[in-house]
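Residue numbers (my numbering), protein chains in the order written: chain A, 12 to 131; chain B, 12 to 131; chain C, 12 to 131; chain D, 12 to 131; chain E, 12 to 131; chain F, 12 to 131.
And the structure:
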């Protein structure tokens, strides 16, 4: 699944670049949508991200492409790899701006850890 | 291109359903990202949408799938068809929740209408 | 009823002009307030807009005047004409920046279409 | 000039009522639009509000009517009286939910106090 | 208690300075957090602010320091003094940018005025 | 430095709990304010966070206390430890809801890595 976001004036810090924390918020939202679609009828909460590294500043007007792939399904948790590319001006560039692995745990209505029901 | 949005508490009207105008805002943003990616290095502004019809109320927690396809490229303008599906609980449903055609005109830095440069 | 909005940095796209979709969101909100006031105690949802045309780019700092008039009351639905004028610098200009007709349907608590009760 | 606002989920505190500070933000925005329209081509900044008293809690779904009247024009400053009424369910109620006087000073491009130019 | 806020592009008016009303919204939120922490298990609503005076324009990128001190505890209400300082570039400056007294009343679940229970 | 945030309806996901990504956004903003205050006149961008683990769901109305401490100052980068506590109902609880180390690099106007000037 690919997902796109455009960096708008309302997303910027006082030096005109995107907050690192805002990028993490987008990564979480996009992966949350993905896990909700992959396991319909079940509920998930984020439990962790790998070590986070920001190597490239991101500017206003930049369009970001988020590539989100399921890489591991455990008994009660699931992990996605999210890569962020620059998607404009130079068409989809090969350069990865940001990458992380984000994990979710399946929970029941009481918020207790619950077994993931795989679809056939 | 497919795009997903989750309907959150901050998007709702006072009866707990999504504002029609908020859905149109999302359609415009998603198609704007699409046209910016399809014609890199050129700038576009929205010039119109077809007659708009909302047939299905949309509730909190719903994940929406936006399918955005380029349907017409003219000398200075381009049109996308956007279909919105319900994407959760019942996996990708066939039922179209919303559909519209949205058009953009290519403009230069002075804001004047400009010829679309097609990529080879 | 007249309504005013000022275009602020948080409303802009990456080229410094207002998103067309944001203008539609405002039209929907303002007409929704109008229909809620005109028929107190009843609940409405947006069902449609006419063909949408954006002819004038709108910039930061612009104050917009929305003129919203009830033009049709049917058995279960009602239509408003919304005109948007530029309201600053040149005092209320005659030039219409944007115009549309927006319709709402009256619904009961179950979300079913319901008869509009006219006030005496 | 009358202005309307609807109280939406995104405006509420953790007990489901409108923050007093959010109401003041709306009063400031509406009076700022008013002064900008009354004196086109000049720039104003808020310099003060009278003693503020909140007497009535305001709930989700409430539509508020802001009545904004110019009450004093000085050499460099101008004052508006803003009254807020409940506008729904009981049609425009006579009861004032909130009232304040808000003043603006006219400033030049350097931010220095400047003489208000009255229109003929 | 001290609290900090950074002024970002999304907070600005069309002349690049902070809205007075936005500053009041922040004062209310910060004092609301303070009263909720000082009297755990009880619920408060804002009832008033002193006469408000804005003497200094506040610009993008400015970090504001809010100093919030409890100055009066009555039977059913409590007052905080909030001072706002400029906190950057010149390290914590002595100059007060803004000052006000804000009062809250303790309410029960029905929204009725209620006696403040002091902690030992 | 301590910092407080209240979890409001606009911050919640569709199950009524705080998004993990939103918590990371707050951690980044608060540490960004801290580094900007600690090294006035210099500019910083976030370069990384440690492995992220969310162990406790966070609900609407919760007040969070962020404790932010400088733990390492290098030649061009600086690290803060951020702990998040629950701050309400049970007064400041000892239990850590969330903890992370976040690092910033000092950059010049061209965005190049730059030496941190320590204050005497």
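Just so you know, even glycine gets a beta-carbon here, dropped at the ideal spot from N, CA and C.
Check                                                                                                                                       : Outcome
Limits of the alpha helix (DSSP H) - the one that residue 97 of chain B falls within                                                        : First-last for residue 97 of chain B: 88 to 97, but that is the beta strand (DSSP E), not the alpha helix (DSSP H).
Short CB-CB distance (under 7 Å) between residue 119 of chain F and chain A                                                                 : no
Contact list for residue 68 of chain C against chain A, beta-carbon separation under 8 Å                                                    : Near residue 68 of chain C there are no residues of chain A at all, since even the closest Cβ is about 16 Å away, more than 8 Å.
Backbone secondary structure at residue 18 of chain A - three-state DSSP                                                                    : coil
Residues near residue 110 of chain D by beta carbon distance below 6 Å, same chain, minus five either side                                  : 94
Length of the line joining the Cα atoms of residue 131 of chain A and residue 51 of chain A                                                 : Any reading at residue 131 of chain A needs caution, since the residue's pLDDT is 49, under 50, leaving its predicted position unreliable; the model's value is listed next. Between residue 131 of chain A and residue 51 of chain A, the C-alpha separation is close to 12 Å.
Partners in chain D for residue 23 of chain B, counting only beta-carbon separations shorter than 9 Å                                       : 19, 20, 21
Same chain, Cβ closer than 8 Å to residue 55 of chain C, neighbours up to 5 away in sequence not counted                                    : 43, 46, 47, 89, 115, 116, 117, 118
Contacts of residue 72 of chain C in chain G (Cβ-Cβ under 9 Å)                                                                              : Absent here is chain G; the protein component of the structure consists of chains A, B, C, D, E and F.
Backbone secondary structure at residue 36 of chain F - three-state DSSP                                                                    : helix
Proximity of residue 57 of chain F and residue 65 of chain A at Cβ, strictly below 7 Å                                                      : yes
Cβ neighbours of residue 24 of chain D in the same chain (closer than 6 Å, five flanking residues each side left out)                       : 30
DSSP-derived helix/strand/coil call for residue 126 of chain D                                                                              : coil
Whole-Å CB distance - residue 10 of chain C paired with residue 38 of chain C, under 8 Å assumed                                            : Outside the displayed span of chain C (12 to 131) sits residue 10 of chain C, for which this structure offers no information.
Alpha carbon of residue 70 of chain A to alpha carbon of residue 77 of chain A, nearest angstrom                                            : 16 Å
Status (buried if at least 16 other CB within 10 Å, exposed otherwise) for residue 121 of chain E                                           : exposed
Residue from F:53, F:63, F:28, F:12 whose Cα sits closest to the Cα of residue 41 of chain F                                                : F:12
Chain-order list of residues whose beta-carbon lies under 8 Å from that of residue 68 of chain E (same chain, five-residue window excluded) : 28, 29
Sequence-distant residues of the same chain with beta carbon closer than 7 Å to residue 79 of chain E, five excluded per side               : 12, 14, 41, 42, 45, 91, 93
Reduced DSSP secondary structure (H/G/I, E/B, other) of residue 131 of chain C                                                              : Residue confidence is low: residue 131 of chain C scores 49 on pLDDT, short of 50, so the model does not pin down where it sits. No coordinate-derived value is stated.
Residues, ordered as in the chain, of the stretch 44 to 56 of chain D that lie near chain E by beta-carbon distance below 7 Å               : 54, 56
Option nearest residue 96 of chain A by Cα separation, candidates A:125, A:75, A:84                                                         : A:75
Chain B contact for residue 98 of chain A (CB, 7 Å cutoff)                                                                                  : yes
Three-state secondary structure (DSSP) of residue 49 of chain B                                                                             : helix
Own chain partners of residue 53 of chain A with C-beta closer than 8 Å, once the 5 adjacent residues on each side are dropped              : 117, 125, 127, 128
Given residue 16 of chain A as reference, the closest of A:84, A:73, A:85 once Cα atoms are compared                                        : A:73
Outcome for residue 86 of chain C when other beta-carbon atoms lying within 10 angstroms are tallied against a minimum of 16                : exposed
Bridge partner(s) assigned by DSSP for residue 57 of chain F                                                                                : F:115
Residue nearest to residue 35 of chain E in terms of C-alpha spacing, selected from D:18, D:123, D:98, D:61                                 : D:61
Chain-ordered chain B contacts of residue 107 of chain C [CB-CB under 9 Å]                                                                  : Within chain B, no residue comes near residue 107 of chain C; the closest Cβ sits about 15 Å away, beyond 9 Å.
Run of the beta strand (DSSP E) containing residue 74 of chain D, from where it starts to where it stops                                    : 74 to 84
Residue 21 of chain E beta carbon less than 7 Å from that of residue 21 of chain A                                                          : yes
Burial state of residue 18 of chain E (16 or more Cβ within 10 Å)                                                                           : buried
Cutoff 8 Å; reference residue 32 of chain E; Cβ partners in own chain excluding five residues on either side                                : none
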